[in-house]
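Numbering (our numbering), first residue to last: 22 to 149.
Take a look at the structure below.
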Amino acid sequence: MSLPKMIAAHPQVQDETEELVTAARHAMLCSLFCTSCADACVAEDMDMAQCIRNCLDCADVCAATARLAVRRTAQNIDVLRAQLEACITACETCAAECESHDNPHCALCAKMCRECAEDCRKALPLVK
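Next up, the structure:
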């Protein structure tokens with residue numbers, strides 16, 4: 022299945038905005054990475070409370086961002102722009118925390134968060 026095809030099939034979509042579709046897809050994937058990382062942090066022997074919190078916050082923000090990005094009927098541009106900005110902040114915060122830990126799940130989560138933040142940055146100026 023293809024997210025771009027789904028969005029292009031919407032009767033009110035004239036300009037698909039590939040960057041926004043990419044940001045939506047990666048935000049949903051980032052939400053899953055962050056959820057998985059938080060779960061793995063629970064199993065670590067050290068205190069991972071802050072990392073768990075950042076991962077779960079980021080997962081929720083990313084999931085909401087993905088949902089808002091694919092809604093095209095009567096789109097609320099100001100809210101979508103604010104959500105993309107919130108996603109960038111949540112991803113950068115989560116990545117910084119995960120990068121402070123030396124374990125494979127945090128390294129993967131940090132990389133996904135950095136990619137998601139970059140995708141949201143690319144989409145933001147095109148959301149008008």
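We put the CB at the ideal spot given by N, CA and C, even for glycine.
- Closest in C-alpha terms to residue 115, from the list 58, 145 and 26, comes 58.
- For residue 143, the enclosing alpha helix (DSSP H) starts and ends at 125-144.
- DSSP places residue 99 in the uninterrupted alpha helix (DSSP H) bounded by 98-120.
- With fewer than 16 other beta carbons inside 10 angstroms of its own, residue 97 counts as exposed.
- Judged by beta-carbon spacing, residue 135 lies within the 9 Å limit of residue 113, meaning their Cβ atoms are closer than that value.
- Between residue 50 and residue 107, the alpha-carbon positions lie close to 16 Å from each other.
- Residue 86 and residue 139 have their C-alpha atoms roughly 14 Å apart.
- Here the alpha carbon of residue 23 sits roughly 29 Å from the alpha carbon of residue 60.
- Around the beta carbon of residue 147, a 10 Å sphere encloses fewer than 16 other beta carbons of the protein chains shown; the residue is thus reported as exposed.
- Residues 148 of the same chain have their beta carbon placed closer than 6 Å to that of residue 102, with the five preceding and five following residues left out of the count.
- In the three-state DSSP reduction, residue 42 falls in the helix class (H, G or I).
- Shown here for residue 124: same chain residues with a beta carbon closer than 8 Å to its own, the five before and five after excluded, namely 61 and 65 in chain order.
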